[in-house]
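J.:
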Amino acid sequence: MASEGQGPGTRRPAEDGVDVVAEDVKQNAEDGKKKGSFWRELPVLIVVALALALLIKSFVVQAFYIPSESMENTLLINDRVLVNKLVYHVRDIERGDIVVFSGVDSWDPEVKLEEPSNPIAAGLRWLGTAFGVVPGEKDYIKRVIGVPGDKVKCCDEQGRVTVNGVPLSEKSYLYPGDEPSGREFEVTVPPDRLWVMGDHRSVSWDSRLHMGDPGGGTIPADKVIGRAFVIVWPFNRAKILPIPETFAQPALQAALGAAPFVAGFAGAVPLVTLRRRLVRRRRT
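Mapping of the sequence shown onto the working numbering: position 178 corresponds to residue 179, and the numbering continues sequentially without gaps.
1. Starting from the Cα of Ala229, find the closest Cα among Ile241, Gly160, Gly218, Ile220 and give me that residue.
2. What's the C-alpha gap between Met198 and Ser38?
3. Span of the beta strand (DSSP E) holding Trp85?
4. For the beta strand (DSSP E) containing Cys1, list its first residue and its last residue.
5. Straight-line CA distance for Val263 to Lys154?
6. So, with DSSP's three-state summary, where would you put Ala249?
7. Is it right to say Lys86 is buried, meaning 16 or more other beta carbons lie within 10 angstroms of its own, or is it exposed?
8. Taking only the alpha-carbon atoms, compute the straight-line gap between Asp200 and Ala222 and give it to the nearest angstrom.
9. Cutting at 8 angstroms between CB atoms, please list the residues of its own chain near Asp193, excluding the five before and the five after it.
10. Which partner residues of Pro168 appear in the DSSP bridge assignment?
11. So, helix, strand or coil for Leu195, using DSSP?
12. Considering Cα atoms alone, identify which of Pro181, Trp196, Ser182 is closest to Val188.
13. Could you check whether Lys143 and Ser203 sit closer than 9 angstroms to each other, using their CB atoms as the reference points?
14. Which value, in whole angstroms, describes the spacing of the CA atoms of Lys139 and Thr163?
15. By the three-class DSSP mapping on this structure, what secondary structure does Pro44 have?
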């Protein structure tokens, strides 16, 4: 005689236990597959992330590490800045821009770095430089003071740097206590070159200290990597890096606009004189 609750259509407790165990085993197996799949895909994800980061770094924005005192107090040692590498494809380099440029085959490095002891160390340095974790030995960061055609001079009667005869008011960015320049100079910036100076003038190894080099201290414009536009690290110093107001003086812009006309006029005078002489000779 069958006991109550154990009819033909009734599942026994033992069978219920077996089903639960089977479901747990199946779930554990699926979880194991997911974990294994994640660890197999992780190296691919890392490689893709690095490739995308390097692509962005190469063509759009790159982080740079500040290794020296030459731009204090605008930039401090160990600051990290982002550099816009596209901006000069849509506009010219302007006075007052803070630019990062390569000194390869021109300027000596401001900060001497020890050579990597092995290929692994060299690879790590390359990655660190690419992502702005360590300084690049041949990369410099300075402020543009003169663009092609500018006459940059120091100093006027009040000790100021002048550009095309227009004095610069540099108090907003010069290192406290520094004078605009401890040495006198006068230079006309050649075509396709720039005159650059650090904000900490008393320690900056800038255009003034390279006047004996080819280019008379100026740097090639095509060596500029990009414009530093923001400090991103440390967080308590994060800020935008604008062009100081002194570089927006209308007289500076007028001088730049007049430069091509003046150059053209200067070139035309000898031609007109020569033409007159030829005409006179023909008449005689």
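Idealized CB from N, CA, C, for every residue including glycine.
T.: Looking at the atomic coordinates:
1. By 1-based counting over the sequence shown, the position of residue 229 is 228. Considering only alpha carbons, the answer is Ile241.
2. For the purposes of this step, residue 198 is taken as residue 197 along the sequence shown, with counting starting at 1. For the purposes of this step, residue 38 is taken as residue 37 along the sequence shown, with counting starting at 1. If you take the alpha carbons of Met198 and Ser38, they lie about 54 angstroms apart.
3. Within the sequence shown, the letter at position 84 stands for residue 85. It is Asn, not Trp, that sits at residue 85 in the sequence shown. Asn85 -> beta strand (DSSP E) spans 81 to 85.
4. In this structure the chain extends from 2 to 285, so residue 1 is not present and cannot be described.
5. Here residue 263 is taken as the residue at index 262 of the sequence shown, counted from 1. Here residue 154 is taken as the residue at index 153 of the sequence shown, counted from 1. Unreliable placement is indicated for Val263, whose pLDDT of 42 sits below 50; no coordinate value is reported for it.
6. As a working mapping, residue 249 is identified with position 248 in the sequence shown. The answer is helix: DSSP assigns Ala249 an H, G or I state.
7. Taking the sequence shown and counting its residues from 1, one reaches residue 86 at position 85. Lys86 is buried by the Cβ-count criterion.
8. The residue given as residue 200 occupies position 199 in the sequence shown. The residue given as residue 222 occupies position 221 in the sequence shown. Answer to the nearest angstrom: the Cα atoms are 20 angstroms apart.
9. As a position in the sequence shown, residue 193 is number 192, starting the count at 1. Within the same chain, Asp193 has close Cβ partners Pro149, Pro221, Ala222, Asp223.
10. Stepping through the sequence shown from its first residue, residue 168 is reached at position 167. In DSSP, Pro168 forms a bridge with Thr163.
11. Sequence index remark: in the sequence shown, residue 195 carries index 194 (1-based). Reduced to three states, the DSSP call for Leu195 is strand.
12. Your numbering for residue 188 matches position 187 in the sequence shown. Per the Cα distances, Trp196.
13. In the sequence shown, residue 203 corresponds to position 202, counting from 1. In the sequence shown, residue 143 corresponds to position 142, counting from 1. Their beta carbons are not under 9 angstroms apart, which means Ser203 does not touch Lys143 by this criterion.
14. By 1-based counting over the sequence shown, the position of residue 139 is 138. By 1-based counting over the sequence shown, the position of residue 163 is 162. Approximately 29 angstroms between the Cα atoms of the pair.
15. The residue you call residue 44 lines up with position 43 of the sequence shown. Note: Pro44 maps to helix in three-state DSSP.
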